[in-house]
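Q: From first to last, the protein sequence lines stand for chains A and B.
Using the working numbering, the letters of the first sequence map in sequence onto residues 1 to 167.
Using the working numbering, the letters of the second sequence map in sequence onto residues 1 to 279.
A virtual CB, placed ideally from N, CA and C, is assigned to each residue, including glycine.
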Amino acid sequence: MISHLVFSLSFVVVYVLQSTFFSRITLISGTPDLILLLLAAWSLQARAKYCWLWIIISGLIVSVVSAMPFYAPLIAYLGVFGLSKLIQRRVWRIPILAMFIVSFLGSLFQGLVYVLILKINGAPIGWGQSLDAVIIPMVLMNLIFILPMFAIVSDLVGRIYPLEEEV
Amino acid sequence: MKFLNPKNIQTIVLVAVIVGLLFLALSGYLTPLFNLSLNPLISLQSWLSVRYVSVRNLLASPGNITELREQNANLESQVTQLQTQLIEMEERLGEAQVCFALLDFARTNPQYDYIAATVIGREISPFLQYIIIDKGSEEGVLYGMPVVTQQGLVGRVDAVIAGAARIKLITDSTSVVNIYLQSGDIEAQLQGSLTGDLFLDMIAIGAVVEPGDVVLTSGLGGNYPPNIFVGQVLSTQNRDNALFQTASVQPIVDFKSINAVLIVKNFKAVDISPLIPEQ
Chain A
1 MISHLVFSLS FVVVYVLQST FFSRITLISG TPDLILLLLA AWSLQARAKY
51 CWLWIIISGL IVSVVSAMPF YAPLIAYLGV FGLSKLIQRR VWRIPILAMF
101 IVSFLGSLFQ GLVYVLILKI NGAPIGWGQS LDAVIIPMVL MNLIFILPMF
151 AIVSDLVGRI YPLEEEV
Chain B
1 MKFLNPKNIQ TIVLVAVIVG LLFLALSGYL TPLFNLSLNP LISLQSWLSV
51 RYVSVRNLLA SPGNITELRE QNANLESQVT QLQTQLIEME ERLGEAQVCF
101 ALLDFARTNP QYDYIAATVI GREISPFLQY IIIDKGSEEG VLYGMPVVTQ
151 QGLVGRVDAV IAGAARIKLI TDSTSVVNIY LQSGDIEAQL QGSLTGDLFL
201 DMIAIGAVVE PGDVVLTSGL GGNYPPNIFV GQVLSTQNRD NALFQTASVQ
251 PIVDFKSINA VLIVKNFKAV DISPLIPEQ
């Protein structure tokens with residue numbers, strides 16, 4: 001129960017920071033995606049339970065507040081979750097390395113999914129321009145925020161799960 | 001009956017609850033709940049946005065008193081120059097007023113009612129150019145209303161909830177605005193792009209378009225009122241074998257630092273899509 005409360009509060013804080021502050025920090029046209037980093041960091045915590053549930057809820061909430069088509073953020077976040085579980089089994093001894101891999105590949109996957117869905121919906125955007133102007137700058141900016149996000153999430157999970165076990 | 005162990009039952013119940021909630025959300029039954037739960041979020045977002053702008057202004061302002069004094073002296077000299085210009089302008093204004101009356105300029109510039117709103121957030125996906133404002137249906141904001149600033153056109157209302165609304169900027173890649181160039185009365189389409197740049201399309205090959213030409217909304221299509229300032233032509237591109245010319249446009253509004261907007265209240269967007277024949 002505590003973990004659900006902490007995650008929902010973390011999600012609200014990260015969403016507000018993303019929409020008010022981080023979406024104004026641009027590199028070419030790319031911005032960092034703290035929500036994706038939060039979900040990636042949370043999914044990589046071995047002790048965290050019901051991650052898939054929060055991935056779905058986060059995807060639905062972002063779908064409601066964002067102008068992206070309803071299912072796009074859900075697909076992207078489920079992809080990040082699947083990737084994190086896949087990577088976690090292979091490089092579980094070095095979690096920070098897993099976080100770097102998941103963030104890098106997850107950001108790329110999210111960008112490509114968004115471009116594909118926008119193109120299907122009729123937006124006149126090109127793959128090359130999307131890669132150059134948005135996806136690669138977004139991946140680079142995400143790399144800057146990996147360490148702080150992973151440290152915060154690891155610390156939170158380290159504090160709340162002993163409490164839950166006591167309860 | 002290994003399948004019906006408590007862990008599986010728990011998972012099935014959770015999935016059933018999520019699917020149920022999803023159906024309720026999609027069918028609109030949870031809209032009041034969404035509105036109720038989003039209001040504190042909007043307040044928090046608004047509070048944080050105001051603090052962010054204040055801190056940014058504080059950091060951006062010069063901290064050196066000597067520098068401030070120099071700036072003050074410069075500004076005073078500018079004021080003197082501007083006062084001189086103002087006297088000249090007032091003389092010209094008298095002449096212009098006569099011209100405006102002759103051309104019945106006022107007929108093409110009807111007075112609009114505005115709702116002022118503060119920008120409290122931006123779209124979280126960098127692929128889209130949207131902003132979030134702190135006024136919603138409670139203040140009379142409706143879907144499709146045009147949004148402007150004192151400088152010119154910003155976009156139109158794309159989604160509304162009780163206390164906030166989402167604005168699709170004209171720089172969005174899916175945005176198309178019908179415009180005309182004031183100099184030659186040339187009609188074209190203004191399109192946004194992924195990077196937020198604006199360009200004109202569908203300019204007739206024979207039309208003469210020069211850098212510096214003023215771009216105004218034409219009102220065609222019924223989405224925007226006519227004669228709202230959009231920007232100026234930067235450069236033109238005329239490729240061989242192309243059916244139309246294109247041109248890049250410098251917008252009058254600085255979309256990256258936009259903090260407040262005006263929503264045109266008494267303009268009703270007309271949906272003409274049923275009148276367009278299917279291809």
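What residues of chain A sit near residue 245 of chain B, judged by a beta carbon separation below 7 Å?
A: Neighbours of residue 245 of chain B on chain A: none; closest Cβ ~17 Å, over 7 Å.
Q: How is the alpha helix (DSSP H) around residue 104 of chain A delimited, first residue to last?
A: Where residue 104 of chain A is concerned, the enclosing alpha helix (DSSP H) stretches over 95-120.
Q: Report yes or no: is there a C-beta of chain A within less than 8 Å of the C-beta of residue 108 of chain B?
A: Residue confidence for residue 108 of chain B is low, a pLDDT of 44 falling below 50, so the modelled location carries little weight and cannot support an answer.
Q: What do you reckon, are the CB atoms on residue 217 of chain B and residue 153 of chain B nearer than 8 Å?
A: Yes, Cβ-Cβ distance for residue 217 of chain B and residue 153 of chain B is below 8 Å.
Q: Check whether the Cβ atoms of residue 251 of chain B and residue 234 of chain B sit closer than 8 Å, and answer yes or no.
A: For residue 251 of chain B and residue 234 of chain B, no; Cβs fall outside 8 Å.
Q: Here's the rule I'm using: 16 or more other beta-carbon atoms within 10 Å means buried, otherwise exposed. How should residue 126 of chain A be labelled?
A: Residue 126 of chain A comes out exposed.
Q: Compare the C-alpha of residue 56 of chain B against each of B:257, B:4 and B:121 and name the closest.
A: Closest option to residue 56 of chain B, Cα to Cα, is B:257.
Q: Could you pull the start and end residues of the alpha helix (DSSP H) that residue 79 of chain A belongs to?
A: It spans 72-90 - the alpha helix (DSSP H) in which residue 79 of chain A sits, taken as one unbroken run.
Q: I'd like to know whether the C-beta atoms of residue 145 of chain B and residue 264 of chain B end up nearer to each other than 8 Å.
A: In contact: residue 145 of chain B and residue 264 of chain B (Cβ atoms closer than 8 Å).
Q: So, under 8 Å CB-CB, residue 226 of chain B and residue 267 of chain B are touching, yes? Tell me the CB distance rounded to an integer number of Å.
A: 10 Å between Cβ atoms; not a contact.
Q: Expressed to the nearest angstrom, what Euclidean distance is found between the alpha-carbon atoms of residue 44 of chain B and residue 22 of chain B?
A: When rounded, the distance between both Cα atoms is 26 Å.
Q: Within 8 Å (strictly less), CB to CB, does residue 254 of chain B reach chain A?
A: Chain A contact via Cβ: absent.
Q: Straight-line CA distance for residue 4 of chain A to residue 155 of chain A?
A: Their Cα atoms are separated by approximately 15 Å.
Q: Of all the CB atoms in chain A, is at least one closer than 8 Å to the CB of residue 122 of chain B?
A: Cβ-Cβ to chain A under 8 Å: yes for residue 122 of chain B.
Q: Have a look at residue 119 of chain A and residue 31 of chain A and give me their C-alpha separation to the nearest angstrom.
A: Computed Cα separation, rounded: 20 Å.
Q: Just the chain B side, please: which residues come within less than 8 Å of residue 29 of chain A by C-beta, in chain order?
A: Under the 8 Å cutoff, chain B gives 126, 194, 195 and 196.
Q: By Cβ distance, which residues of its chain are closer than 7 Å to residue 24 of chain B, with the 5 residues on each side in sequence left out?
A: Correct list, in chain order: 30.
Q: Kindly identify the DSSP beta-bridge partner or partners of residue 251 of chain B.
A: B:231, per the DSSP bridge assignment.
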